[in-house]
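S.K.:
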Amino acid sequence: MKATIARSPVLSLSRISLVAALAVLVCCKRTEGGKATPAVSASASASAAPATTPPTTELETVKDPVEDAFTLGMPKGWQNRAYSARVFDVHSMVATAISPDGSVLLYFGDPGLPQYWSPAHATPVHREMQRFNPRMKIEPFVRATTYFPDYVKKKFGALPGFALEETAPDAEAEARSAQQFVEAGVKMVPTAARVAFRYTDQGKPMRGLVLGSTVDSGPFWIATVSGIAAAGDPKPYLPMLDAMSRTHRMNPAWQAEQARKHQAQMAQIDAFGRQLQAQHQQNMAALQASAQRHQARMSAIHAQADANMAAYNARMASSDAQHRAFLNYINEERTVVDASGKTYQVDGSYDRYFFNKNNHTYVGGDTTTDLEKLRALGLNPNDYEEVKIER
């Protein structure tokens, strides 16, 4: 790896522009007409879905418990969860909110969305990093109307009764985002789309609406997503997404620290590449790259032991939790159950899971992994039990 290649100016563009673009994108999301609207009344909501919780724009502030990277206003009285997800340098915000009666789910972000680089601008360093980071891809730019139908099918297509209904460009969202980028002094070209789909949850018909954007900078491009899943019409809840997006604030201290780390990496890019490769090989040898990240994230989330988080965890532990499958797809998790019937959330990257009976940490593996193979990882198989994946 040559220093002259490693110091490509494209790399220095990535973090500052990407963080700025994501911050603008979150704040650009608006309801139909581009204006925040009052909370929809219970009677208006009832005409579309009599059994659902009416929309509200009364919000409470939720703080990222993982990296302290951001705060976000989330609906008061709902079961809220917000956190940072990271693979090496690629960071994203994920937030979900479930209504008190469980009939509506709102979400921002996706922990699996990659950062994309244009093949024409990718250097050998980018191509080398792509080998080790599953969230870095080198692919040509794709408009939102093409990107998100495929995304929705891959993300939610395994839900019972899944069917795409409609994909439509969102010209107003594109225009608003473009104006915001101009005002922020960021050279980005946004595209936006809405994708409607349907599925069933425990036999109940559900409707989903995904709001997606792809934004082209030239050297790199990004995709962002938010959405709604509801027992009735999702559209009355669009003002809630808008109200939430307006409250999103990045932590300046976190941003400064990310910039500092980036500069240090640029100054020692060769060493960084070697460390990246060594860490990747170490994690792969232990079959624990995703599992370790997930366990660290969940520990931070559980440490945020307020009443709202306790209610969220209780819902996810419930055997009849509505939206569980949908949430698992959003968070890229699976639900597993041990011999006593207790459920746990695990990273969704594996085919089999083995829990430590003493501390409830887990190891994931492919279909050939068994208790005896844990010895090769330096683990005592007697300390572990295989847990079952809930389908």
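Numbering (numbering that gives the first Met the number 0), first residue to last: 0 to 390. Built from N, CA and C at the ideal position, the CB exists for glycine as well.
Just mark Lys356 as buried or exposed, buried being the case when its beta carbon has 16 or more other beta carbons within 10 Å.
M.R.: Locating residue 356 in the sequence shown gives position 357, counting from the first residue. Looking at its Cβ environment, which holds fewer than 16 other Cβ atoms inside 10 Å, Lys356 is exposed.
S.K.: Looking at C-beta atoms only, is the number of pairs between the region 133 to 147 and the region 197 to 215 that lie closer than 8 Å three or more?
M.R.: At 8 Å Cβ cutoff, the stretches touch.
S.K.: How is Asp382 classed by DSSP in three states: helix, strand or coil?
M.R.: Stepping through the sequence shown from its first residue, residue 382 is reached at position 383. Reduced to three states, the DSSP call for Asp382 is helix.
S.K.: Assign Ala84 to buried or exposed, taking buried as 16 or more other Cβ atoms, counted over all protein chains shown, within 10 Å of its Cβ.
M.R.: Here residue 84 refers to the residue found at position 85 of the sequence shown. Its Cβ being crowded by 16 or more others within 10 Å, Ala84 is buried.
S.K.: So, using beta-carbon positions, are Ala230 and Thr51 closer together than 8 Å?
M.R.: For the purposes of this step, residue 230 is identified with residue 231 of the sequence shown, where counting begins at 1. For the purposes of this step, residue 51 is identified with residue 52 of the sequence shown, where counting begins at 1. A contact, by the Cβ cut-off of 8 Å.
S.K.: Beta strand (DSSP E) containing Lys203: first to last residue?
M.R.: Here residue 203 refers to the residue found at position 204 of the sequence shown. Start and end: 203 to 215.
S.K.: State the Cα-Cα distance for the pair Arg351 and Met205, rounded to the nearest angstrom.
M.R.: To locate residue 351, count along the sequence shown from 1; it is residue 352. To locate residue 205, count along the sequence shown from 1; it is residue 206. One C-alpha to the other measures close to 30 Å.
S.K.: Taking Tyr115 as the reference, give the member of Ala258, Val141, Ile221 with the closest Cα.
M.R.: By one-based count along the sequence shown, residue 115 stands at place 116. When only C-alpha atoms are compared, the closest one is Ile221.
S.K.: Terminal residues of the continuous beta strand (DSSP E) containing Met92?
M.R.: As a first step, residue 92 is located in the sequence shown; it is residue number 93 there, counting from the start. Taken as a continuous stretch (DSSP letters only), the beta strand (DSSP E) holding Met92 covers 89 to 97.
S.K.: Reducing DSSP to helix, strand and coil, say where Lys341 ends up.
M.R.: What you label residue 341 is simply residue 342 of the sequence shown in a count that begins at 1. Lys341 falls in the coil class under three-state DSSP.
S.K.: Thinking C-alpha only, which one of Ala295, Gly111, Lys372, Arg323 is nearest Thr199?
M.R.: Walking along the sequence shown from the start, residue 199 turns up at place 200. The option with the nearest alpha carbon to Thr199 is Arg323.
S.K.: Would you identify the three-state DSSP class for Arg245, choosing helix, strand or coil?
M.R.: In the sequence shown, residue 245 corresponds to position 246, counting from 1. Helix, per DSSP.
S.K.: Going straight from the alpha carbon of Met297 to that of Glu331, what length do you get?
M.R.: Translated into positions along the sequence shown, residue 297 becomes position 298. Translated into positions along the sequence shown, residue 331 becomes position 332. About 13 Å.
S.K.: Once you ignore the five residues that flank Phe155 on each side, which residues in its own chain have a CB closer than 8 Å to its CB?
M.R.: Within the sequence shown, numbered from 1, the residue matching residue 155 stands at position 156. Hits under 8 Å: Phe161, Phe196, Tyr198, Gly207, Phe325, Tyr328.
S.K.: Which word fits Leu386, buried or exposed, when buried means at least 16 other C-beta atoms lie within 10 angstroms of its C-beta?
M.R.: Here residue 386 is taken as the residue at index 387 of the sequence shown, counted from 1. It is worth fixing the name first, because residue 386 is Val in this sequence and not Leu. Classification of Val386: buried, given that the 10 Å Cβ count is 16 or more.
S.K.: Assuming Leu112 and Val224 are in contact, meaning their beta carbons sit under 8 Å apart, how far apart are those beta carbons, in whole angstroms?
M.R.: Taking the first residue of the sequence shown as position 1, residue 112 is located at position 113. Taking the first residue of the sequence shown as position 1, residue 224 is located at position 225. Rounded, the Cβ-Cβ distance is 7 Å, consistent with contact.
S.K.: In whole angstroms, what is the alpha-carbon distance linking Leu376 and Thr334?
M.R.: The sequence position of residue 376 within the sequence shown is 377, counting from 1. The sequence position of residue 334 within the sequence shown is 335, counting from 1. When rounded, the distance between both Cα atoms is 24 Å.
S.K.: When you compare each of Met187, Thr360, Asp365 to Ser348 by their alpha carbons, which one comes out closest?
M.R.: Numbered from its first residue, the sequence shown carries residue 348 at position 349. The candidate whose alpha carbon is nearest that of Ser348 is Asp365.
S.K.: Using the C-alpha atoms, what's the distance from Tyr106 back to Pro74?
M.R.: Taking the sequence shown and counting its residues from 1, the one referred to as residue 74 is at position 75. Taking the sequence shown and counting its residues from 1, the one referred to as residue 106 is at position 107. Pro74 and Tyr106: Cα-Cα distance of roughly 11 Å.
S.K.: Kindly provide the ranges of any alpha helix (DSSP H) runs that are 4 or more residues long and lie completely inside the region 127 to 173, ordered along the chain.
M.R.: You should have 143 to 155.
S.K.: How far does the alpha helix (DSSP H) with Arg374 in it reach, from first residue to last?
M.R.: For the purposes of this step, residue 374 is taken as residue 375 along the sequence shown, with counting starting at 1. Careful: Arg374 lies outside any alpha helix (DSSP H) and carries neither H nor E.
S.K.: Give the DSSP-derived three-state secondary structure of Gln291 in the structure shown.
M.R.: Translated into positions along the sequence shown, residue 291 becomes position 292. Gln291: helix per DSSP, three-state reduction.
S.K.: So what's Asn330 in DSSP terms, helix, strand or just coil?
M.R.: The sequence position of residue 330 within the sequence shown is 331, counting from 1. Helix, per DSSP.
S.K.: Would you call the region 169 to 176 in contact with the region 242 to 254, where contact means no fewer than 3 C-beta pairs closer than 8 Å?
M.R.: No, because fewer than three Cβ pairs between the region 169 to 176 and the region 242 to 254 fall closer than 8 Å, the two stretches do not touch.
S.K.: Within 10 angstroms of its Cβ, does Ser102 collect 16 or more other Cβ (buried), or is it exposed?
M.R.: In the sequence shown, the residue the question calls residue 102 occupies position 103. Buried, because 16 or more other Cβ atoms sit within 10 Å of the Cβ of Ser102.
S.K.: State yes or no: is the C-beta of Pro99 within less than 8 Å of the C-beta of Tyr82?
M.R.: Against the sequence shown, residue 99 aligns to sequence position 100. Against the sequence shown, residue 82 aligns to sequence position 83. No. Outside cutoff.
S.K.: Alpha carbon to alpha carbon, how far is Tyr236 from Gln321? Give it in angstroms, no decimals.
M.R.: Here residue 321 refers to the residue found at position 322 of the sequence shown. Here residue 236 refers to the residue found at position 237 of the sequence shown. Answer to the nearest angstrom: the Cα atoms are 18 Å apart.
S.K.: Alpha carbon to alpha carbon, what distance is there between Glu164 and Gly202?
M.R.: Residue mapping note: residue 202 aligns to position 203 of the sequence shown, counting from 1. Residue mapping note: residue 164 aligns to position 165 of the sequence shown, counting from 1. Each residue's Cα considered, the two are about 19 Å apart.
S.K.: May I ask you to report which of helix, strand or coil DSSP gives Thr60?
M.R.: Walking along the sequence shown from the start, residue 60 turns up at place 61. Strand at Thr60.
S.K.: Using beta-carbon positions only, say whether Pro168 and Ala191 come within less than 8 Å of one another.
M.R.: In the sequence shown, the residue the question calls residue 168 occupies position 169. In the sequence shown, the residue the question calls residue 191 occupies position 192. For Pro168 and Ala191, yes; Cβs fall inside 8 Å.
S.K.: What distance in whole Å lies between the Cβ atoms of Pro110 and Pro139, which are believed to be in contact at a cut-off of 8 Å?
M.R.: To locate residue 139, count along the sequence shown from 1; it is residue 140. To locate residue 110, count along the sequence shown from 1; it is residue 111. Pro139 to Pro110, Cβ: 24 Å. No contact.
S.K.: According to DSSP, Gln78 sits in a beta bridge with which residue or residues?
M.R.: The sequence position of residue 78 within the sequence shown is 79, counting from 1. Ile97.
S.K.: Give the secondary structure of Ala228 by DSSP, where H, G and I count as helix, E and B as strand, and everything else as coil.
M.R.: Translated into positions along the sequence shown, residue 228 becomes position 229. In this structure, Ala228 counts as strand in the three-state DSSP scheme.
S.K.: CA-CA distance, Phe353 and Met92?
M.R.: The sequence position of residue 353 within the sequence shown is 354, counting from 1. The sequence position of residue 92 within the sequence shown is 93, counting from 1. About 28 Å.
S.K.: Could you compute how far the alpha carbon of Glu127 sits from the alpha carbon of Gln257?
M.R.: What you label residue 127 is simply residue 128 of the sequence shown in a count that begins at 1. What you label residue 257 is simply residue 258 of the sequence shown in a count that begins at 1. Cα to Cα, Glu127 sits roughly 22 Å from Gln257.
S.K.: Output the distance between the C-alpha atoms of Val391 and Glu371, rounded to the nearest integer angstrom.
M.R.: Lying before the first or after the last residue shown, residue 391 is absent from the chain, which here runs from 0 to 390.
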